Amino acid sequence: MTGISEARTRGRILRSWRQELYCDPGGKSYTLSRPVFNHMMEDARARKFDLVTVWMYDRFSRMQDQQSVAIYQLKKYGVEVVSATQPIPDGPVGTLIRNSYAFGAELMLYRIREGTYRGKKRRVKNNKLPNAALPTYGYEFADATKARYVIDDRVAPIVRRIYSMALAGVKLGEIARTLTAEGVPTPSQYHHERGWPTPRIIPATTWSHATTHKILTNTAYVGRLVGFRTQVRTGMSVHLVTGENVPVERRIVRDETNPDRVVYGEDVCPRLIGDATFDAVQVVLDRNRVESRRRLHNPEALLLRNGFARCSYCDGNMVATWSKAGGYYLYQCSRNRTDTGKRCPEEGRFSWRASTLDDLMWRAVIAVFERPEVVAAKYAEYKADKATGLVIEHDRVVVLEQMLQEAESKRLRNTALASNEDDDEQRAEYQRIATEAARSKRGITKEMEALRDVLATKEWGDHVLDSLAAKGERAVEHLRSADFDDKRRTLLALDAKLYVRRKGDLDAVAFACRLSERFDPTALSVQSHL
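Last residue of the sequence shown: 1814 (our numbering), numbering continuous.
Spelled out as structure tokens, the structure:
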């Protein structure tokens, strides 16, 4: 809060009229497409203020190029930017000093990353456990250094029992239900009861399939705890609906030959389970996975997977589950089946047959387009709102293009000066400036490509909506004959959502999309489908 108070004080000194606080919650701030930042940019473009006061310039971004883009764009809006702790003079000298601050901030970011990683790596190489707030279930830390485990006699018998049940052929779901029925504390409940720090974890009241599977596949229980087992990699993935390549972060398992990977011995993590028992359980799990009926699913039987159906009680996703007794898919709230995070306030489970909700959703979409005059009016409103919402991004593209031209001109000018300069020292200075301009140009180009990818993704849905809105009454015929992929694309373009409650509740199903208000579910004859 020190930075906020200093920035506020600086703002009071410079201006005495209306003040507004924009507090970015933090997190992954390696992009300028952040909600709070965009909100500030929208207000700046509307001329709601003419001064932005920050604690340090790196509050825009620790990346040099992104920081320059943010300040350049604010200046284009006629907004002055000052720092409470990094005052700079006006003109080119001030820009040079601010760029030096930006370079230091980015350098500090990389040093923090490298230092943190080296510290973690040094710890595991010294045969000490990785830093962690909580021990693995079944163990406790031997001392305050948290360098090794000792067996926790309170819950170690529960771990052994889970292995015994799995070896006897009891399925994971049945193991979880048995432990829940007997009132056995879940791992998060046990950690909470012991008073161990769990600030971001809400203790789960029930055991889950995922928790039992994690215990049954953890090699720590046979004295082979692996340190630095996984790493985060950024790669490209094909979008399930649009078919576009989108960047995603994945946590992947390091190869066994990776030098960063460390396997601890029993002196650090004592054995709880015998090798024969552990290996036998893995065989059982593999067999169950192959024989599971979930592997025989029909993807086209689940139109609303991936977030199109939402729980009205907690806004959680409705996820698919297979009913072995009925031989069909059901949708149920995902937050009734998780160990962490916000839990659904609705006690007990409720579910809907997948075919019922899929049919209701698609009939609601068709019903919207059965009124082409309403669609045309709503679509005009949507396009106007969207144009206003995207104006900041488009302005940023213009700013980036201008900065790119300036960087290229600077590079060419200094390259020419260096080639014509006889003095070695001055020539080296021109070459340094040209090299810095080329580096800046690469960074701006990268930022521009990322921003254009964001805009292209947003504009993709408009092509679908443009086509449907242009069809008018013929849109209904098109939708009635749509295949599964066309239906998914339409739902994505409409940002359609089906909000679901228990079948007996009022407004058990409610439909919402970009072009309409909440659709009246009674028009769908919901009761006839139950």
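Every residue, glycine too, gets a C-beta built ideally from N, C-alpha and C.
Remember, predicted model here, so these are calculated numbers, not experimental data.
Next item on the list: Would you identify the three-state DSSP class for T1489, choosing helix, strand or coil?
Entry: coil
Checklist line | Whole-angstrom C-beta distance between L1556 and V1443, which should lie under 8 Å | finding: The beta-carbon distance between V1443 and L1556, rounded to whole angstroms, is 6 Å. This is short enough to meet the 8 Å contact definition.
Notebook entry, point to check: Do I1499 and the ligand NAP come close, with the Cβ less than 7 Å from some heavy atom?
Noted result: You won't find the ligand NAP in this model; it holds no ligand whatsoever.
Next item on the list: Using three-state DSSP, classify A1329 as helix, strand or coil.
Entry: A small correction: the amino acid at residue 1329 is Arg; Ala does not occupy that position in the sequence shown. Three-state DSSP puts R1329 in a helix.
Next item on the list: Work out the CA separation of A1560 and R1545 for me, nearest whole Å.
Entry: If I take the Cα positions, the gap works out to 24 Å.
Notebook entry, point to check: What are the start and end residues of the alpha helix (DSSP H) that includes R1382?
Noted result: Where R1382 is concerned, the enclosing alpha helix (DSSP H) stretches over 1376-1409.
Margin query: Taking the beta strand (DSSP E) that V1793 belongs to, which residues open and close that run?
Written below: 1793-1797
Notebook entry, point to check: If we count the other Cβ atoms within 10 Å of its Cβ and call it buried at 16 or more, is E1304 buried or exposed?
Noted result: exposed
Item checked: Span separating the alpha-carbon of E1390 from that of E1713 -> 23 Å
Check: Taking only runs of the beta strand (DSSP E) that begin and end inside the segment 1591-1660, which ones reach a length of at least 3 residues, in chain order?
Finding: 1593-1595, 1602-1607, 1612-1617, 1635-1637
Item checked: Rounded C-alpha distance that separates A1766 from V1652 -> Here the C-alpha atom of A1766 lies approximately 16 Å from the C-alpha atom of V1652.
Check: Exposed or buried, what is F1795 when buried is set at 16 or more other beta-carbons lying within 10 Å of its beta-carbon?
Finding: buried
Next item on the list: Give the secondary structure of L1580 by DSSP, where H, G and I count as helix, E and B as strand, and everything else as coil.
Entry: Caution applies to L1580, whose pLDDT of 44 falls short of 50 and renders its modelled position unreliable; the model cannot decide the point.
Checklist line | Inter-residue Cα distance where the pair is D1779 and A1328 | finding: 29 Å
Note to self: Starting from L1335, trace the beta strand (DSSP E) in both directions and tell me its first and last residue.
What the structure shows: 1335-1338
Next item on the list: Mind checking who E1364 pairs with in its DSSP beta bridge?
Entry: L1335
Check: Where do the ends of the alpha helix (DSSP H) carrying V1760 lie?
Finding: 1758-1764
Margin query: Tell me the residue span of the alpha helix (DSSP H) that contains V1443.
Written below: 1440-1451
Item checked: Three-state secondary structure (DSSP) of R1535 -> strand
Item checked: CA nearest to the CA of V1683, picked from I1486, N1383, Q1357, V1793 -> Residue Q1357 is the option with its Cα nearest to V1683.
Item checked: Rounded distance between the beta-carbons of Y1423 and D1437, thought under 8 Å -> Their Cβ separation, rounded to whole angstroms, is 10 Å, which puts D1437 and Y1423 out of contact at 8 Å.
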